[in-house]
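Undergrad:
In UniProt numbering, the protein residues as written are 1 to 143.
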């Protein structure tokens, strides 16, 4: 039986194909994890007694679709995109989608007051904000 010399030895088989360098980025690591465990649950939420899960493969599809949408909106490497919301699979997909697009994530504490969030958005020079349904209408730009 072959034993790994380090807990991260499994990465060696992906080096040069899924990533270059010593360590993978979070998007690269997510793709590796999807390759290894694509049909396993990635994000799980409970609605009442019902358990709803996204597999790694399903999550990757949503994450990559969001990254493509961000690129279509003109978001490029280094642009700042904020995300605030309750703990949810949507929050995680938004966070990872921003990283996959090459942008910088600006995570904002959901419990901050609107004025505090607006100040952070302005100070950080955020281009796009992802916010959950509960607070959405407070941040929609009016024509």
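Every residue, glycine too, gets a C-beta built ideally from N, C-alpha and C.
(1) Please report the distance separating the alpha-carbon of residue 51 from that of residue 75.
(2) Classify residue 46 as helix, strand or coil using the three-state DSSP reduction.
(3) What residues match up with residue 128 in a beta bridge as DSSP calls it?
(4) Just to confirm, are residue 91 and residue 85 a CB contact at a threshold of 8 Å?
(5) Assuming contact is defined by CB atoms lying nearer than 8 Å, are residue 81 and residue 67 in contact in what I supplied?
(6) Within 10 angstroms of the Cβ of residue 24, are there 16 or more other Cβ atoms? Answer buried if so, exposed if not.
(7) Determine, using beta-carbon pairs with one atom in the region 54-64 and one in the region 31-40, whether at least three such pairs fall under 8 Å.
(8) Where residue 16 and residue 29 are concerned, what is the direct C-alpha to C-alpha distance, given to the nearest angstrom?
(9) Take residue 126 and list the residues in its own chain whose beta-carbon comes closer than 7 Å to its own, dropping the five residues that flank it on each side.
(10) What three-state label does DSSP hand residue 5 in the structure shown?
(11) Among 113, 94 and 27, which has the Cα closest to the Cα of residue 128?
(12) Let's see if you can read the secondary structure: which residues bound the beta strand (DSSP E) around residue 104?
(13) Determine whether the Cβ of residue 21 lies closer than 8 Å to any Cβ atom of chain B.
TA: Looking at the coordinates:
(1) Taking the straight line joining both Cα atoms gives about 34 Å.
(2) Note: residue 46 maps to strand in three-state DSSP.
(3) Answer is 81, bridged to residue 128.
(4) With a cutoff of 8 Å on beta-carbon distance, residue 91 and residue 85 are scored as near each other.
(5) If you check the CB distance, residue 81 and residue 67 do not come in under 8 Å.
(6) Classification for residue 24: buried.
(7) With a cut-off of 8 Å, the region 31-40 and the region 54-64 count as touching, because enough Cβ pairs lie within range.
(8) So the two alpha carbons sit approximately 13 Å from each other.
(9) The residues are 80, 81, 82 and 106.
(10) DSSP places residue 5 outside both helix and strand once states are collapsed to three, so it counts as coil.
(11) Of 113, 94 and 27, the residue nearest in Cα terms is 94.
(12) Counted as a single uninterrupted DSSP element, the beta strand (DSSP E) harbouring residue 104 occupies residues 104-107.
(13) Note that chain B does not occur in the displayed structure, where there is just one protein chain.
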